[in-house]
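S.K.: For the sequence shown, the positions run 4 to 84 when the numbering used here is used.
Got a structure here, written out as C-alpha cells. Questions coming.
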Amino acid sequence: MDMNPVLESLKFLVLGMGTVFLFLVIMIYCMNIMSSILSKYFPEARPDVNAKLNLATSSTQKDDKKIVAAITAAIKYHREG
C-alpha cells in the first residue's frame, strides 16, 4: 500500500499541532488552579489608600510648583535668545 507523502505529512502536522494545543490548554487550566489556590491561602495585602492620599497631595503640590517654575524659566530663556 503506497501512501501519498503529502497526505502523510498532513497527518503528522495535525498530530503535532493537536499535541501542542492540548498541552497548552492543560497548562492554562493548571495555572488557573494554581493561581486560585495561592490567592486563597496567600491573599494580597490591600494598601492603605488614605495614608498614601495625604502624602501624595502635599508632595504633588510642591512638585507642581517646581515644574511650573522650570517651564516658566525655560520659556523666558527661549524668548530671550
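All C-beta atoms, glycine included, are put in the ideal place defined by N, C-alpha and C.
It should be emphasised that the depicted structure is a prediction, and the values quoted were computed from it without experimental measurement.
1. Any idea what DSSP makes of R82, helix, strand or coil?
2. For M34, which three-state DSSP category applies?
3. Can you name, in chain order, every residue of its own chain whose Cβ lies under 6 Å from the Cβ of I36, other than the five neighbours on each side?
4. In angstroms, rounded to a whole number, what distance separates the CA positions of G21 and D66?
5. Measuring straight from C-alpha to C-alpha, what distance separates R82 and Q64?
M.R.: Reading off the structure:
1. If DSSP states are grouped into helix, strand and coil, R82 belongs with the helices.
2. helix
3. Only residues of its own chain outside the window of five on either side were considered, and among them none has a CB closer than 6 Å to the CB of I36.
4. Their Cα atoms are separated by approximately 57 Å.
5. 27 Å
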